[in-house]
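So the structure is just underneath, and the comments pick up after that.
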Amino acid sequence: MQRRSVLKLAGATVGLGALSAAPIAQARPDNVIDLGNEGLQPGDDLSPYLDEYWQSGNEVHIPGGEYELSDVDSLEIDADEDSWLIGDGDVIADHGDVHVLFNITSNGDAHVRMQNITLKGIDSTEDGDIGKVRVWAEDEEGLVELINFNRPDGADGGSRASGFFMPKPHAGVGRFINCHVEGFTDNGLYGTPFAGGDSDDGMGTVEVYGGLYKNNDVNNIRVGCDDSKVISAAVVFDDVPYGQETGSHKGIRVRQGGANQVIHDCDITVYDEPGAAAGIKIDDSRFENGLDSDVTVTDTRIYNEIDAGAVQTSDEDFPISGENIHLTGPGDLDLQGSGPYSDVYRGSEADSPTEQKRWVDGWGDAPDGSTSDSGSTDSSTLAVSTMEPSSVGSTTATLTGSLDSLGGATGASVYFEHRATGTDDWRSTSPETVEETGTFEATVDLLESGTEYEYRAIAETVDGNATGSAVSFNTSYNHYLEVQTFDNSGIVYDFTVDGSVVKADHAGNNDTITDNGDGTYSVEGETGNGFYDDYYFNGQVTAFSAETHPEADNGDYELRLDGDVVTVDELTGQSDSTDSTDSTDDTTDSTDSTDETSDSTGSGTNPTISTFDVSEAGSPNPHLDVTSVWEVADADGDLSWVLVQVVNSSGLVVDAAKTSISGDSAADVNYFKVKNVDGQSFSVKLTVSDAAGNTTTVTKSVSE
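According to this note's numbering, the residues represented by the sequence shown are -3 to 700, in order.
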């Protein structure tokens, strides 16, 4: 669901040192332990080793690889001395779908660092419980740093869970560097430590550098207090978190007062999805903390599709200013607050934000680093990231990765490993030799349609190797089946698929799918009064039967397979399917490459299509944003329905809308969005039918 985009940095880049807090001692712990030397190997349970060695005063190293984490509490630390937990390469700790609630605490002047660790698994907190990783420094001299510490799997819809949470006792510095937090139901990063209390409860600073904060309900990033800052972060809202369709999703939110709060060099993307509320929201009215307040926004790019300001304030006189701000998208590009704002660019003059994870060089009190357009990390360490696939079909996918650092080598061999989720064996792509950092791709085929896969990027040099975190994707289904009824008709139906099947948009709770355990699935359902049920499936429908619903006047219905009307025999393979576009009485090609066909299956005349306009938004994101405007008529006055389908180059219906109509004329507008299809071409097919079954179809082409 991420999209590929090119990051263009606006203005000069700024390293961490120029914007960091006062220097804090960076001495390393004296006692260094390599868990590999203690017998730990990838695939083992990490928790017993952490229970024994992850103690205050230790620097613990974990060999890169994936591990079981049977007890998430084994990551907890209450440190009175400097304590570091370091992944030597990417460490994936799989805790499964469990309730996550543990603390990472610094006392006194202790420096706690946790680095290169990805928690795999959903926070499945029950209703009424709270799930989060609580992070704080108890004293002003304390420091807690999470570096490339990732929680990409989020929480389920029944929980109230945050990715990271800064509680009231936080008084020191909390830093989040190059972290990925996605899909949480109650803030991604909750960084206002004395929320709702007196300022004496905690006046610690929260600093965010780099990373990806995506699709978290309420706020992706929430900060407050003096000297809080968000620098070089990618913040994205393009999909609704688990069960949060009615939520309020904001990108970066300054939720309470504080002086010298900074948002710098950030990339913020807000799509018009349910609950989308703001790119940047300045709202300090909830907590009367008595602090002087000011916020500065600089060198930042915002893409906005919603009808609310790109930068919003609760008070039009709130002291906020900005410079070198780039605003794109069809939504409201207003900048609220007192200002002044200078060097503001909109539309075609503006640079677009990236939606990929941002990386910053270096870390600590005053590192000498900067951002880059390909994403960068510590140049002395080989680093690779797994990105979202650039395209996915029913049996193929183009995998994407990013070589973030060569680790001092002159070149690296990069490739991918992939497998069906839940299976054991990885399959590898052919290696590619590269001599500089940047993205790389490989296309895999012979995949099973309608299946979830996972893959990871790998880089190898003469000095070692690095593995990115696993990313999942789902291949599409081969066929689309509609079971359509008419006015006053209703049916109870069942069918069997030798393959797999899932409900599409209109099959409901009264329709059931049963796995028969032998490679086949049985479907039972009911529909009526002009409504229809629809399904995606692979393989073959081997049997279909229907009878009149007890409460219906009749049992008339129609079957449509991949947009074409078929009989039961044609659906189940008992006879050859007849494609209406191949057996038409009249076919014409218009000057705009439109194909029109008519099929007379009943009495009367065929309906006509007087208007069918298809346009693509042409926005900078790599989505297909299609608007179809249509007007149809029928001389017999018995119009029944219009079906508009978006079909990819493989012939798969990727989006559709069906509208019930009546009378002698009708008109409407349909909107479609197909994600992650940069550069691909599609057909948009409109079919109009009357009550007698006569149809007319028009097809037009469109490209992202």
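From the three backbone atoms N, C-alpha and C, an ideal C-beta is built for every residue, glycine too.
Close Cβ partners of residue i (< 6 Å) along its chain, the five nearest in sequence each way excluded
i      : result
GLU437 : THR394, THR396
GLY333 : THR309, PHE314, ILE316
THR373 : Bear in mind that a pLDDT of 42 at THR373, under 50, signals an unreliable position, so the number given afterwards is only what the model happens to contain. Excluding sequence neighbours, THR373 sits near TRP355, ALA379, ASP400, SER401.
THR382 : GLY397, ARG452, ALA453, GLY464, SER465, VAL467
SER70  : SER43, LEU46, ASP47
ARG297 : ASP263, HIS322, ASP347, PRO349
ALA272 : PHE233, HIS245, VAL266, ILE302
ASN107 : Strictly speaking, residue 107 in this sequence is His, with Asn absent from that position. Hits under 6 Å: ASP78, LEU139.
VAL640 : SER624, ALA653, ASN666, LEU682
SER699 : SER677
THR587 : Here THR587 scores only 32 on pLDDT, less than 50, and its place in the model is too uncertain to base an answer on.
ASP755 : Residue 755 is absent from the model: the chain starts at -3 and stops at 700.
ILE82  : HIS57, GLN111
SER573 : Caution is warranted here: a pLDDT of 43 is assigned to SER573, below 50, making its placement in the model unreliable, and the coordinate value is therefore given only provisionally. Correct list, in chain order: VAL562, GLU566.
SER611 : THR623
Nonlocal neighbours in the same chain, by C-beta distance under 7 Å from residue i, ignoring five residues either side
i      : result
TYR553 : VAL479, GLN480, THR481, SER485, ILE487, ALA542
GLY206 : ILE173, ASN174, SER228, ALA229, ARG354, TRP355, VAL356
PRO84  : Reading off the sequence shown, one finds Asp at residue 84, where the question assumed Pro. Excluding positions up to five away in sequence, the list reads HIS57, ILE58, PRO59, GLY60.
THR406 : GLU431
GLY32  : PRO59
VAL177 : ARG147, GLY159, PHE160, GLY184, LEU185, TYR209, ASN212
GLY335 : SER317
SER445 : SER390, THR391, THR471, SER472, TYR473, ASN474, ASN534
ALA629 : PRO603, THR604, SER606, ASP660, SER661
ASP575 : Here ASP575 scores only 40 on pLDDT, less than 50, and its place in the model is too uncertain to base an answer on.
Inter-residue CB distance, residue i and residue j (contact presumed, cutoff 8 Å)
i      : j      : result
GLY318 : THR292 : 7 Å
THR188 : ARG218 : 6 Å
ASP135 : ASN99  : Actually they do not touch by this definition, with Cβ atoms about 15 Å apart.
VAL649 : ASP558 : 6 Å
THR417 : GLU450 : 5 Å
ASP263 : VAL231 : 7 Å
THR425 : ASP400 : 19 Å between Cβ atoms; not a contact.
GLU141 : ASP105 : Going by Cβ atoms, the distance from GLU141 to ASP105 rounds to 14 Å, so no, they are not a contact pair.
ALA653 : ASN644 : That pair is no contact at about 16 Å.
ALA688 : GLY600 : 5 Å
LYS277 : GLN257 : Contact doesn't hold; Cβ gap of about 13 Å is too wide.
HIS475 : TYR528 : At roughly 16 Å, the Cβ-Cβ gap does not stay under 8 Å, so HIS475 and TYR528 are not in contact.
HIS545 : GLU520 : That pair is no contact at about 13 Å.
ILE143 : LYS116 : Their Cβ separation, rounded to whole angstroms, is 18 Å, which puts ILE143 and LYS116 out of contact at 8 Å.
Neighbourhood of residue i by C-beta distance below 8 Å, restricted to the same chain and skipping five residues each side
i      : result
ASP328 : ASN300, ILE302, ASP303, ALA304, GLY305, ALA306
PHE180 : ASP119, ARG147, GLY150, ALA151, ALA157, SER158, GLY159, ASN212, ASP213, PRO237
GLU428 : SER409, VAL410, TYR411, PHE436, ALA438
ASP441 : THR391, THR392
ALA503 : GLY521, ASP529, ASP530, TYR531
Residues bridged to residue i (per DSSP)
i      : result
MET383 : THR396
ILE248 : ILE217, ILE276
GLN536 : ASP494
HIS57  : ASP30, ILE82
ILE316 : VAL291
ILE298 : ILE264, LEU323
MET199 : DSSP lists no partner for MET199.
ARG109 : TRP80, GLU141
ILE259 : VAL226, VAL293
ILE118 : Paired residue(s): none; ILE118 is not in a bridge.
GLY207 : ARG354
GLY92  : For GLY92, which the question treats as bridged, DSSP gives no partner whatsoever.
LEU759 : Only positions -3 to 700 of the chain appear in the structure, and residue 759 is not among them; the question remains open.
GLU543 : VAL488
GLN308 : LYS277
ALA133 : SER102
ARG24  : For ARG24, which the question treats as bridged, DSSP gives no partner whatsoever.
ASP560 : LEU557
ALA629 : THR604, SER661
Item to complete: Report the residue ranges of all beta strand (DSSP E) runs contained in full by the region 633 to 675; include only those spanning at least 3 residues, in chain order.
Response: Complete beta strand (DSSP E) runs here, min 3: 635 to 643, 649 to 656, 661 to 670.
Practice prompt. Just list the beta strand (DSSP E) runs in the region 481 to 526, keeping only unbroken ones of 3 residues or longer that don't cross its boundaries, in chain order.
Written response: As far as the region 481 to 526 is concerned, its whole beta strand (DSSP E) runs of at least 3 residues are 486 to 499, 508 to 511, 516 to 524.
Worksheet item: When the Cβ atoms of the region 93 to 100 are set against those of the region 38 to 57, are three or more pairs found closer than 8 Å?
Response: Not touching, per the Cβ criterion.
Worksheet item: Counting Cβ pairs closer than 8 Å, one from the region 500 to 519 and one from the region 453 to 467, do we hit at least three?
Response: Judged by Cβ distances under 8 Å, the region 500 to 519 makes no contact with the region 453 to 467, as fewer than three pairs qualify.
Discussion item. With three or more beta-carbon pairs closer than 8 Å as the criterion, would you say the region 656 to 667 touches the region 631 to 643?
Written reply: With the cut-off at 8 Å, the region 656 to 667 and the region 631 to 643 touch.
Worksheet item: Which ranges does the beta strand (DSSP E) cover as unbroken runs of at least 3 residues, wholly within the region 406 to 484, from first to last along the chain?
Response: The qualifying runs are 408 to 416, 428 to 430, 434 to 440, 448 to 457, 460 to 463, 467 to 470, 475 to 481.
Worksheet item: Can you list, in chain order, the stretches of the beta strand (DSSP E) that have 3 or more residues and sit fully within the region 321 to 356?
Response: If we require 3 residues or more, the beta strand (DSSP E) runs fully inside the region 321 to 356 come out as 337 to 342.
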